[in-house]
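First residue of the sequence shown? That's 24 in this note's numbering, and the numbers climb one at a time after it.
C-beta atoms are modelled at their ideal positions from N, C-alpha and C, and glycine is treated no differently.
Below: one structure, written as structure tokens.
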Amino acid sequence: MILRFLLAFFVLINFPILSQNKSIWTFKTNNRVYSSPVIENNRIYIGSGDHYLYAINKNTGNLVWKYKTKGAVHSTPFISNNLICFSSADGNLYGVNKNNGNLVWKFESKGEKMYDLWDYYLSSPTGNTETVYWGCADGNLYAIENKTGKLQWKFKTNGVVHASPVLYKEQVYIGSFDGYVYALGKDNGQLLWKFKTVGDEYFPNGEIQKGLLVKDDVVYFGSRDYNMYAINSKTGTLLWNLKEKSGWIIAIPTEHKGTLYFGTSDAHLFYAVDKKTGIVKWTAPLQMRVYGSGVVHNNTIYFGSFDGKIIGLNCDTGERNYEFQTESSKKNYSLMYNEKGHFKKGFELYGDDFEATEKLIHSLGSILSTPIIENNRIYFGSSDGTIYTVKL
């Protein structure tokens with residue numbers, strides 16, 4: 024991830040000291056957790072890099088059941104009736120009984136792969152009671168019969184599809200690493216329109232990595248070309264785009280009362296943007312990347328960061344009013360940061376050994392998971408392999 028501007032890394036950032044609530048419970052898996060939790064009734068469903076999908080009692084943190092695949096489960100599960108669907112790095116989409124974890128069906132793609140070192144997520148399925156839609160690294164968007172796991176139709180893009188599809192009205196929308204957003208008929212996969220990102224000098228494909236938000240007939244999404252886009256969902260016509268100077272926009276934006284909220288990658292900023300015009304309302308400085316989406320609760324937007332923190336910002340002002348730090352972050356923070364929250368002298372975020380640096384970052388318990396809030400509790404996963412439940 025070569026940067027055009029590094030200024031954001033070297034700005035001295037002073038944050039207020041905030042009180043931190045303790046975890047109500049934690050559940051330990053055996054690998055990194057990038058999956059986002061889904062809650063239904065008294066259970067949390069979430070995947071892990073240890074190849075398992077877990078069903079956990081949301082009140083106690085006790086294991087209810089787990090299902091093992093042959094690859095990392097870095098997708099967010101989708102629930103329809105008694106079925107829970109999720110994808111694995113083994114290239115399969117699984118449908119299991121949500122009550123007992125027994126396999127109902129398995130759909131095999133042409134195979135999974137990572138696009139690059141920063142391609143952390145798999146496509147997360149979505150759908151309705153009849154059909155499950157799912158993207159894969161083989162370039163296809165698949166429509167699969169919910170009850171049987173049989174293929175209904177597929178649509179081929181020209182890139183890895185790790186973005187999650189969105190079902191909206193009669194269309195299904197998908198982004199691809201080829202830099203296109205595709206609008207397809209949900210019943211037959213017929214192409215209705217496609218939109219190409221503008222690209223950038225360093226990232227000319229304008230890859231779409233994680234997903235889209237579709238609301239009020241507008242498709243919102245970020246790209247590796249540093250842009251946030253708004254396009255008409257019916258025609259694919261560009262409404263506006265906002266160019267970020269120095270960072271990918273991976274996170275799917277969160278909409279609340281006419282404002283889009285999203286974090287950036289290398290700019291280390293969090294944005295509040297008018298959803299109709301793309302005009303920036305405020306930005307807030309961060310100390311690390313944000314790939315996951317935020318969730319709004321009591322006029323605060325909560326989101327996870329690669330530095331192992333859940334951060335809460337006032338929706339109106341961007342003022343930081345909440346912070347939770349993982350135990351891994353507390354333990355290893357001084358490996359990267361000095362006492363002022365600045366990168367330590369000699370630390371290079373993009374030096375000669377990218378893999379070693381990413382490993383060091385993940386030692387902080389990076390939070391790529393999008394949190395979920397229920398009954399004044401926030402649930403999320405971390406790259407330290409832990410699933411957290413914290414009282415707000």
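Opening and closing residue of the alpha helix (DSSP H) in which residue i lies
i, result
"T258", "Segment: none, T258 is in no alpha helix (DSSP H) and carries neither H nor E."
"N355", "350-355"
"T380", "377-385"
Cutoff 7 Å; reference residue i; Cβ partners in own chain excluding five residues on either side
i, result
"V96", "S58, G70, S71, H74, Y75, L76, F109, S111"
"L29", "Any reading at L29 must be qualified, since the residue scores a pLDDT of 39, below 50, and its modelled position is unreliable; the value itself is stated next. Closer than 7 Å at the Cβ level, and outside the excluded window around L29, lies no residue."
"N122", "N105"
"R27", "Below a pLDDT of 50, predicted positions are generally treated as unreliable, and R27, at 42, falls in that range; the measurement from the model is reported next regardless. Only Y225, S269 meet the Cβ criterion."
"W128", "G118, T171, G172"
"D248", "T220, V221, G222, D223, F226, G229"
"L383", "L358, M359"
Cutoff 8 Å; reference residue i; Cβ partners in own chain excluding five residues on either side
i, result
"K91", "H74, Y75"
"K177", "N163, L164, Y165, A166, G212"
"S103", "G150, N151, T152, V155, N169"
"K217", "Y203, V204, Y205, A206, G259"
"K136", "A160, V183"
"C338", "H279, K280, T282, Y284, A295, V319, N322, T323, I324"
"D240", "N255, S256, K257"
"V34", "Because the pLDDT of V34 is 39, which lies under 50, any placement of that residue in the model is unreliable, and the number read from its coordinates should be weighed accordingly. Answer for V34: P308, listed in chain order."
"N82", "N65"
"K89", "Y75, L76, Y77, A78, G124"
"K101", "Sequence check: residue 101 is Phe here, not Lys. The residues are V61, I107, C108, F109, S147, P148, T149, G150, V155."
Contact under 8 Å by Cβ, residue i with residue j
i, j, result
"I62", "E397", "yes"
"V204", "I231", "yes"
"G289", "G315", "The identity of residue 289 in the sequence shown is Asp, whereas the question assumes Gly. Going by C-beta atoms, D289 is not nearer than 8 Å to G315."
"V56", "G408", "yes"
"M311", "F329", "yes"
"L106", "N120", "yes"
"L262", "A274", "no"
"L116", "W157", "yes"
"F50", "I395", "no"
Residue i, enclosing beta strand (DSSP E) - first and last residue
i, result
"A307", "303-308"
"N228", "It is not in any beta strand (DSSP E) - N228 carries neither H nor E in the DSSP assignment."
"V189", "189-191"
"C108", "106-110"
"V413", "409-414"
"L214", "214-219"
"K332", "332-337"
"A186", "Taken as a continuous stretch (DSSP letters only), A186 belongs to no beta strand (DSSP E), as it is neither H nor E."
"R400", "400-404"
"L236", "236-238"
"V242", "241-245"
"V204", "203-208"
"V195", "194-198"
"F101", "101-103"
CB-CB length for residue i against residue j, believed under 8 Å
i, j, result
"L236", "E267", "About 17 Å; that fails the 8 Å criterion."
"T99", "S46", "Incorrect: roughly 21 Å between the Cβ atoms, too far for contact."
"T220", "N250", "7 Å"
"S352", "K332", "6 Å"
"I197", "Y402", "I197 to Y402, Cβ: 27 Å. No contact."
"G327", "I390", "3 Å"
"K367", "Y360", "6 Å"
"G301", "L265", "5 Å"
"T306", "G341", "7 Å"
"G124", "A78", "6 Å"
"L387", "T380", "Between T380 and L387 the Cβ distance is about 12 Å, and since that is not below 8 Å, they are no contact."
Contacting residues, own chain, Cβ-Cβ under 6 Å from residue i (five flanking each side not counted)
i, result
"N44", "V413, K414"
"T180", "G162, S199, D201"
"N399", "L415"
"P276", "L236, Y243, L283, F285"
"S246", "T220, G229, I231"
"L126", "V119"
"H385", "S406"
"G84", "W48, F50"
"S187", "S146, S147, G234"
Run through the stretch 114-180 for me and flag every whole beta strand (DSSP E) of 3 or more residues, listed as ranges in chain order. 115-120, 126-131, 154-158, 163-168, 174-179
Please give me, in chain order, every unbroken run of the beta strand (DSSP E) with length at least 3 that falls completely inside the stretch 274-328. 277-279, 282-286, 292-297, 303-308, 318-320, 323-327
Which full runs of the beta strand (DSSP E) of 3+ residues lie inside the stretch 47-88, going along the chain? 61-63, 66-70, 75-80
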